[in-house]
Amino acid sequence: QSVLTQPPSVSGAPGQRVTISCSGSSSNIGAAYDVHWYQQLPGTVPKLLIYGNTNRPSGVPARFSGSKSGTSASLAITGLQAEDEADYYCQSYDNRLTGWLFGGGTKLTVL
Amino acid sequence: QVQLLESGPGLVKPSQTLSLTCTVSGGSITSGDYYWSWIRQLRGKGLEWIGYMYDSGSTFYKPSLKSRITISLDTSKNQFSLKLSSVTAADTAVYYCARARNWNDVPYLDYWGQGTLVTVSS
Numbered sequence: 131q132s133v134l135t136q137p138p139s140v141s142g143a144p145g146q147r148v149t150i151s152c153s154g155s156s157s158n159i160g161a162a163y164d165v166h167w168y169q170q171l172p173g174t175v176p177k178l179l180i181y182g183n184t185n186r187p188s189g190v191p192a193r194f195s196g197s198k199s200g201t202s203a204s205l206a207i208t209g210l211q212a213e214d215e216a217d218y219y220c221q222s223y224d225n226r227l228t229g230w231l232f233g234g235g236t237k238l239t240v241l
Numbered sequence: 359q360v361q362l363l364e365s366g367p368g369l370v371k372p373s374q375t376l377s378l379t380c381t382v383s384g385g386s387i388t389s390g391d392y393y394w395s396w397i398r399q400l401r402g403k404g405l406e407w408i409g410y411m412y413d414s415g416s417t418f419y420k421p422s423l424k425s426r427i428t429i430s431l432d433t434s435k436n437q438f439s440l441k442l443s444s445v446t447a448a449d450t451a452v453y454y455c456a457r458a459r460n461w462n463d464v465p466y467l468d469y470w471g472q473g474t475l476v477t478v479s480s
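In the order they appear, the protein sequences are chains A and B. Each residue of the first sequence is one higher than the one before, starting from 131 at the first, in this note's numbering. Each residue of the second sequence is one higher than the one before, starting from 359 at the first, in this note's numbering.
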């Protein structure tokens, strides 16, 4: 059981909007630590998708956006495409566990 | 363009020490505000941060692995290494090296190696 909780799976049809949540606590996200998101396409290396809660690295489409509020963060994907089918991970820091954390990951299926 | 490449044995016997090296090209491991990191992914599972070394020489390890892990830098070869002792089958995973860039005390991983599968088996 990860300290950062993500839904195991989400799905959506092409063109739809989906959100992936990352739920934490007062020792991590709620302690104002930033959240980053990674995309891992099948059989590939994880890739940075969002850093600092809301920032997109160069080359990441604007369809991907991040937000954070209280003890949770979210990744939103609009205009869903087949190529978005992947595993998505959130990452932050926990001051009680004194270390970086990844969420358990969410598998996105494009119907 | 920074590139990282892991190398090391793909098979390690139980109770022995897993040793991996990450060779960095396209940038110096002594430049900038970076954390040279190891992450692993158990088969079919999620990502697990193992630890990192800051270019000043400071290290930080996952608490549950702290007694078994050593990360070191070899600046002459632009490499950093991971040693994990007393391995068991539970340590079988794909091991990634990565560069993390500091961001408000929560570094993000901006460059990753391709990953290397290490199997612990007799």
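We put the CB at the ideal spot given by N, CA and C, even for glycine.
Cutting at 6 Å between CB atoms, please list the residues of its own chain near residue i, excluding the five before and the five after it.
{"i": "A/GLY234", "result": "SER132 and GLN136"}
{"i": "A/PHE232", "result": "TYR219 and GLN221"}
{"i": "A/LYS237", "result": "SER139 and ASP217"}
{"i": "B/THR417", "result": "MET411 and ILE429"}
I think residue i touches residue j, with their Cβ atoms under 8 Å apart; what is that distance to the nearest whole Å?
{"i": "B/VAL360", "j": "B/GLY390", "result": "At roughly 10 Å, the Cβ-Cβ gap does not stay under 8 Å, so B/VAL360 and B/GLY390 are not in contact."}
{"i": "B/ASP468", "j": "A/LEU171", "result": "The pair is not a contact, with the Cβ atoms about 17 Å apart (cut-off 8 Å)."}
{"i": "A/ASN158", "j": "A/ASP214", "result": "About 26 Å separates the two Cβ atoms, so there is no contact after all."}
{"i": "A/SER141", "j": "A/THR239", "result": "4 Å"}
{"i": "A/ALA203", "j": "A/GLY196", "result": "7 Å"}
{"i": "B/SER444", "j": "B/LYS371", "result": "With 8 Å as the limit, B/SER444 and B/LYS371 do not qualify as a contact, their Cβ atoms being about 11 Å apart."}
{"i": "A/LEU241", "j": "A/THR149", "result": "Incorrect: roughly 16 Å between the Cβ atoms, too far for contact."}
Using CA coordinates, which residue listed in the options is at the minimum distance from residue i?
{"i": "B/GLN374", "options": "B/CYS455, B/LEU442, B/THR433 and B/THR450", "result": "B/LEU442"}
{"i": "B/SER377", "options": "B/SER439, B/THR450, B/ALA458 and B/LEU423", "result": "B/SER439"}
{"i": "B/TYR466", "options": "A/THR239, A/TYR163 and A/SER197", "result": "A/TYR163"}
{"i": "A/SER156", "options": "A/PRO187, A/THR239 and A/SER222", "result": "A/SER222"}
{"i": "B/GLY471", "options": "A/TYR219, A/ALA203, A/VAL175 and A/GLY189", "result": "A/VAL175"}
{"i": "A/TYR193", "options": "A/GLN211, A/SER202 and A/THR201", "result": "Note on residue identity: the sequence assigns Arg, not Tyr, to residue 193 of chain A. The option with the nearest alpha carbon to A/ARG193 is A/GLN211."}
{"i": "B/ASN436", "options": "B/ILE397, B/TRP396 and B/CYS380", "result": "B/CYS380"}
{"i": "B/TRP396", "options": "B/THR388, B/TYR419, B/ILE387 and B/GLY415", "result": "B/TYR419"}
{"i": "B/SER425", "options": "B/TYR393, B/SER416, B/LEU431 and B/ILE408", "result": "B/ILE408"}
{"i": "B/SER434", "options": "B/LYS371, B/SER365 and B/VAL382", "result": "B/VAL382"}
{"i": "B/LEU400", "options": "B/VAL370, B/GLY366 and B/TYR454", "result": "B/TYR454"}
{"i": "B/ASP463", "options": "B/LEU423, B/PRO421, B/TYR412 and B/SER422", "result": "B/TYR412"}
{"i": "B/GLY366", "options": "B/VAL452, B/GLU406 and B/PRO421", "result": "B/VAL452"}
{"i": "B/THR446", "options": "B/LEU363, B/SER414 and B/LEU423", "result": "B/LEU423"}
{"i": "A/PRO191", "options": "A/LEU134, A/SER151, A/CYS152 and A/GLN169", "result": "A/GLN169"}
{"i": "A/GLY200", "options": "A/ASN183, A/ILE207 and A/GLY189", "result": "A/ASN183"}
{"i": "B/SER449", "options": "B/GLU364, B/THR388 and B/LYS403", "result": "Note that residue 449 of chain B is Asp in the sequence shown, not Ser. B/ASP449 has its Cα closest to that of B/LYS403, out of B/GLU364, B/THR388 and B/LYS403."}
Identify the contact partners of residue i in chain B, using a Cβ-Cβ distance below 8 Å as the criterion.
{"i": "A/VAL175", "result": "TYR454, TRP470, GLY471, GLN472 and GLY473"}
{"i": "A/GLY222", "result": "The question names Gly, but residue 222 of chain A in the sequence shown is Ser. In chain order: VAL464."}
Quickly, what does DSSP pair residue i with across the bridge? List them, please.
{"i": "B/LYS371", "result": "None; B/LYS371 has no bridge partner."}
{"i": "B/LEU376", "result": "B/LEU442"}
{"i": "B/ARG457", "result": "B/TRP394 and B/TYR469"}
{"i": "A/THR135", "result": "A/SER153"}
{"i": "B/GLU406", "result": "B/ARG398"}
{"i": "A/TYR163", "result": "DSSP lists no partner for A/TYR163."}
{"i": "B/GLN437", "result": "B/THR381 and B/ASP432"}
{"i": "A/VAL140", "result": "A/LEU238"}
{"i": "B/ILE427", "result": "B/LEU442"}
Would you mind telling me which residues of chain B sit closer than 9 Å to residue i, beta carbon to beta carbon, in chain order?
{"i": "A/ASP164", "result": "TRP461, ASN462, ASP463, VAL464 and TYR466"}
{"i": "A/THR239", "result": "By Cβ distance, chain B contributes nothing, its closest Cβ being about 16 Å from A/THR239, past 9 Å."}
{"i": "A/PHE232", "result": "ILE397, GLY404, LEU405, GLU406 and TRP407"}
{"i": "A/GLY182", "result": "TRP461, ASN462, VAL464 and TYR466"}
{"i": "A/GLY235", "result": "LYS403, GLY404 and LEU405"}
Sorted by chain position, which residues of the same chain lie with C-beta nearer than 7 Å to residue i's C-beta, five sequence neighbours on each side aside?
{"i": "A/TYR181", "result": "HIS166 and PRO187"}
{"i": "B/THR428", "result": "LYS441"}
{"i": "B/LEU386", "result": "Looking at the sequence shown, residue 386 of chain B is not Leu but Ser. Cβ within range, chain order: ASN436."}
{"i": "A/ALA161", "result": "ASN225"}
{"i": "B/ALA456", "result": "LEU362, SER395, ILE397, LEU467, TYR469, TRP470 and GLY471"}
{"i": "A/GLY145", "result": "GLY209 and LEU210"}
Closer than 8 Å by beta-carbon distance: list the chain A residues that pair up with residue i, in chain order.
{"i": "B/TRP394", "result": "Ordered by position in chain A, no residue passes the 8 Å Cβ test against B/TRP394, which lies about 13 Å from the chain."}
{"i": "B/PRO421", "result": "LEU227, THR228 and GLY229"}
Ordered along the chain, which non-local residues of its own chain (more than five positions away) have a Cβ less than 8 Å from that of residue i?
{"i": "B/GLY368", "result": "THR474, LEU475, VAL476 and THR477"}
{"i": "B/GLU406", "result": "ILE397, ARG398, GLN399, LEU400, LYS420 and ALA451"}
Taking C-beta pairs closer than 7 Å, name the residues in chain B that residue i reaches, listed in chain order.
{"i": "A/LEU178", "result": "TYR466, LEU467 and ASP468"}
{"i": "A/GLY160", "result": "Those do not exist, as A/GLY160 stays about 13 Å from chain B at its closest Cβ, beyond 7 Å."}
Since residue i meets chain A, which of its residues come closer than 7 Å, beta carbon to beta carbon?
{"i": "B/LEU367", "result": "Sequence inspection shows Pro at residue 367 of chain B; the Leu mentioned does not correspond to that position. Those do not exist, as B/PRO367 stays about 20 Å from chain A at its closest Cβ, beyond 7 Å."}
Does chain D have any CB closer than 8 Å to the CB of residue i?
{"i": "A/TYR218", "result": "Absent from the structure: chain D. Protein chains present are A and B."}
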